Amino acid sequence: MFKETKRAIATDTLIGQGTIAEGKLISEANLRIEGEYRGDIECRGDVIIGECGIARSNITANDVTLAGKLFGDIVTKGRLIITASGQLVGNITAQTLIVQDGAMLNGSCVMEQSADGKQKAQADKDAANAKAAGKDNQQQGDAKAKARQAG
Numbered sequence: 001m002f003k004e005t006k007r008a009i010a011t012d013t014l015i016g017q018g019t020i021a022e023g024k025l026i027s028e029a030n031l032r033i034e035g036e037y038r039g040d041i042e043c044r045g046d047v048i049i050g051e052c053g054i055a056r057s058n059i060t061a062n063d064v065t066l067a068g069k070l071f072g073d074i075v076t077k078g079r080l081i082i083t084a085s086g087q088l089v090g091n092i093t094a095q096t097l098i099v100q101d102g103a104m105l106n107g108s109c110v111m112e113q114s115a116d117g118k119q120k121a122q123a124d125k126d127a128a129n130a131k132a133a134g135k136d137n138q139q140q141g142d143a144k145a146k147a148r149q150a151g
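Residue numbers are given in UniProt numbering: position 117 of the sequence shown equals residue 117, and the series is strictly consecutive.
Structure (structure tokens):
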């Protein structure tokens with residue numbers, strides 16, 4: 001009577017300590033690197049490079065946490081956290097950047113707002129302009145009323 005629908009369950013991918021992997025990695029799930037990885041990473045989930053992890057990669061992901069070493073660029077849609085043990089030699093494009101005391105960052109950083117953030121900023125700007133225009137109109141009306149009373 002009822003059909004069972006099977007849903008794909010996203011599982012985390014682990015490159016364990018003592019493992020060396022190379023190539024291009026594309027993942028829908030979260031990725032954790034505790035070993036060594038060489039190659040580009042495209043991940044729709046989060047990427048965590050553990051304290052023992054070393055990556056020579058360009059990473060595109062939702063959020064990235066770096067506790068190990070990364071030689072390459074990071075592009076996140078969310079935030080990048082570089083922990084006290086983290087080392088990054090490369091460039092960053094992120095909405096939010098958190099660098100803990102003791103972390104090493106050698107590269108440049110570009111902070112970008114999300115589409116939602118840009119829309120909110122524009123709405124706030126428009127509201128401020130409308131409020132200012134309303135005050136100007138009110139002041140002009142007050143000046144005309146005073147001129148009529150004086151005249």
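Even for Gly, the Cβ is constructed at its ideal location relative to N, Cα and C. Computed from a predicted model, the values in this text were never measured in an experiment.
Excluding the 5 residues preceding and the 5 following residue i in the sequence, name in chain order all residues of the same chain whose CB lies nearer than 7 Å to its CB.
| i | result |
| --- | --- |
| R56 | R38, F71, G72 |
| V47 | L31, I41, I59, A61, V64 |
| L105 | I82, L88, V99 |
| G107 | L88, V89, G90, N91, I92 |
Give every residue of the same chain whose Cβ lies closer than 6 Å to the Cβ of residue i, excluding the five residues on either side of it in the sequence, and list them in chain order.
| i | result |
| --- | --- |
| I15 | A21, I33, G35, Y37 |
| C43 | S27, L31, A61 |
| T96 | R79 |
| I98 | I81 |
| R7 | Bear in mind that the predicted position of R7 carries a pLDDT of just 49, short of 50, making it unreliable; the figure below should be weighed with that in mind. Closer than 6 Å at the Cβ level, and outside the excluded window around R7, lies no residue. |
Do you know offhand how far residue i's Cα is from residue j's?
| i | j | result |
| --- | --- | --- |
| T13 | N129 | 49 Å |
| V75 | I82 | 14 Å |
| R79 | K24 | 22 Å |
| K77 | G102 | 25 Å |
| Q113 | I92 | 14 Å |
| C52 | A29 | 21 Å |
| I54 | C109 | 21 Å |
Since residue i is in the beta strand (DSSP E), which residue starts that stretch and which ends it?
| i | result |
| --- | --- |
| T96 | 96-99 |
| S27 | 25-27 |
| T77 | Correcting the residue identity first, residue 77 is Lys in this sequence and not Thr. First-last for K77: undefined, no H or E at that position. |
| C43 | 41-43 |
| N106 | 104-106 |
| C109 | 109-111 |
| T13 | 13-15 |
Assuming contact is defined by CB atoms lying nearer than 8 Å, are residue i and residue j in contact in what I supplied?
| i | j | result |
| --- | --- | --- |
| G45 | G68 | no |
| L66 | G86 | yes |
| M111 | A94 | yes |
Below 8 Å CB to CB, which residues in the same chain sit around residue i once its five sequence neighbours on both sides are set aside?
| i | result |
| --- | --- |
| G18 | G35 |
| D126 | none |
Give me the DSSP bridge partner(s) of residue i.
| i | result |
| --- | --- |
| A61 | T76 |
| E36 | I20, I54 |
| T83 | T83 pairs with nothing; no bridge assigned. |
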